[in-house]
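A short write-up of the structure that comes next.
Spelled out as structure tokens, the structure:
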């Protein structure tokens, strides 16, 4: 996407870096606005002239390239001479502009640089991207290098927002940002680090199917390349045995198709096959789809477009029922009050 004078999709474009460097972009290469180049190929090397660098050369579970050295921090606080700017992690909520909080919109409007996963950058309103001095985006699986880029830009004196859908504290990058800041010898206070919450996927999706999450709820991500499947299976068994409602993130990916099948198997082992399940695909986006099904019918949806990485699945507990095409999980008021 074309965002401003410094970010463009032209085959070869000379632009001015907001850190003072000259940048050149092509289809195979994007330039760090701190002066470095990120080349998105099977063997990837990114080099930020703010001091950070990462190299990726091996395949990882999310379908991208990632090596152990991607975890290595390239620059420390001592490599920067400027007075630090601000770093803020901003949650965009479900995706549509009206789903963003006013605080999120204000934080993005005040940021000089915005850093994020390409899909999330594409969700930003035009007035936000057009007002930013620079937009830096990378494809999926560049979490560490992308977060370090945002931190290096802030240490170089820029006010930076790193964005994500949902909330920065729910399967997102707020924690990683603090870990990398610490590893660089910097402090959160030095960068005036802040987190701007957004509506998490479980909540925005629950709103589309009624009121399924008003009692004890546990969230689990199935396609988490940081967690092995045996661990996920163990968690699912433990949660499914209890009386929790369950919100399931990232149920299906190209690299982990079997995770969804195993999840359905475990749920049916412990829950009634007629347990209501809400399935929300791409909540708040143009291709949103919503269905409520019985748990026994969930496995067959794995072969449809309804289940993918943008889908959240909401599994009711033993008391959850469907009324007027809406899921209802009683809070327990009926045991104490007459109504």
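Residue numbers (my numbering): 1 to 339.
C-beta atoms are modelled at their ideal positions from N, C-alpha and C, and glycine is treated no differently.
Check	Outcome
Integer Cβ distance of residue 211 from residue 327, believed to fall under 8 Å	7 Å
Three-way DSSP call (helix, strand, coil) for residue 209 in this model	helix
Local Cβ density within 10 Å of residue 165, reported as buried at 16 or more and exposed below that	buried
Sufficient close CB pairs (3 or more, under 8 Å) joining the region 285–292 to the region 235–255	no
Where the beta strand (DSSP E) containing residue 182 begins and where it ends	No beta strand (DSSP E) contains residue 182, which is instead part of the alpha helix (DSSP H) from 174–183.
At least 3 beta-carbon pairs within less than 8 Å: the region 319–335 vs the region 301–308	no
Separation of residue 132 from residue 172, as counted between CA atoms	23 Å
CA-to-CA distance, residue 87 to residue 194, given in whole angstroms	7 Å
Alpha-carbon spacing of residue 138 relative to residue 167, whole angstroms	19 Å
For residue 281, the first and last residue of its enclosing beta strand (DSSP E)	276–281
Cutoff 6 Å; reference residue 174; Cβ partners in own chain excluding five residues on either side	89, 168 and 195
Among 120, 123, 180 and 121, nearest to residue 149 - alpha-carbon criterion	180
Inter-residue spacing [alpha-carbon to alpha-carbon] between residue 142 and residue 190	25 Å
Residue 129 versus residue 320 - alpha carbon distance	42 Å
Exposure label - residue 337; buried when at least 16 CB within 10 Å	exposed
Residues of its chain near residue 266, where Cβ-Cβ distance is below 7 Å and the 5 sequence neighbours each way are ignored	233, 236, 237 and 240
Neighbourhood of residue 349 by C-beta distance below 7 Å, restricted to the same chain and skipping five residues each side	With the chain represented from 1 up to 339, any question about residue 349 goes unanswered, as that position is not in the structure.
Per-residue burial, residue 187 [other beta carbons within 10 Å of its own, 16 or more giving buried]	exposed
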